[in-house]
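**Q** Numbering (my numbering), first residue to last: 1136 to 1311. Note that CB positions come from ideal geometry on N, CA and C, so glycine has one too. Please read these numbers as outputs of a predicted model, since none were measured by experiment.
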Amino acid sequence: MNIAILAAEGGHAANNWFFGDIKEVIVTGLASIILFGLLWWKGGPALKDMWNGRINRIADEVTDAEAARADAERALGEAQGRVADLDTEKARLLSEARATAEAVKAQIIARAEEEAAALVERARTDALAAREQAATDLQAEIAGLALGAAEAIVHDSLDDATQAALVDSYIAGVSA
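1) In this structure, does DSSP put Leu-1293 in helix, strand or coil?
2) Looking at the structure shown, is Asp-1272 part of a helix, part of a strand, or coil, going by DSSP?
3) Hey, how far is the Cα of Ala-1265 from the Cα of Leu-1229?
4) What span of residues does the alpha helix (DSSP H) with Lys-1177 cover, start to end?
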């Protein structure tokens, strides 16, 4: 029944085909302006702080990224420098090792030559000593053989009378 009463009233008739009731438009417009003003007044600084905070965070992240990039580039440069230093250090160590090896080789060769010369000299000395010993032994052997041969010859050629005369002459030479 209420619907029938409302339907019988007729409805709102618009003053204008586009806006409808002008009072309603004015009140709604003023309410909207007040609402937007309050939002701007109270929410504007918060929105501005949020927006500036986001901008500052992004700027800080960009600054941090640039600093990290600079650190990474510096570390890369240091690493490349160390790699270059490693190449020069490797070359230096190899050079030192070769020089040391050459020096040790020269020392070993010199020591071997000295030992060989000493061995040759010792062999010469031993050979001379052996030759002298052999000559002495040979002379002693020859003297022994000569004495034995002389005794045999003297013993065969001397008769008893000649031997007695020889002994007498020796005794006379010793006593005189």
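**A** For this structure:
1) Note: Leu-1293 maps to coil in three-state DSSP.
2) Here Asp-1272 sits in helix by DSSP.
3) Answer to the nearest angstrom: the Cα atoms are 52 Å apart.
4) For Lys-1177, there is no enclosing alpha helix (DSSP H), as DSSP marks it with neither H nor E.
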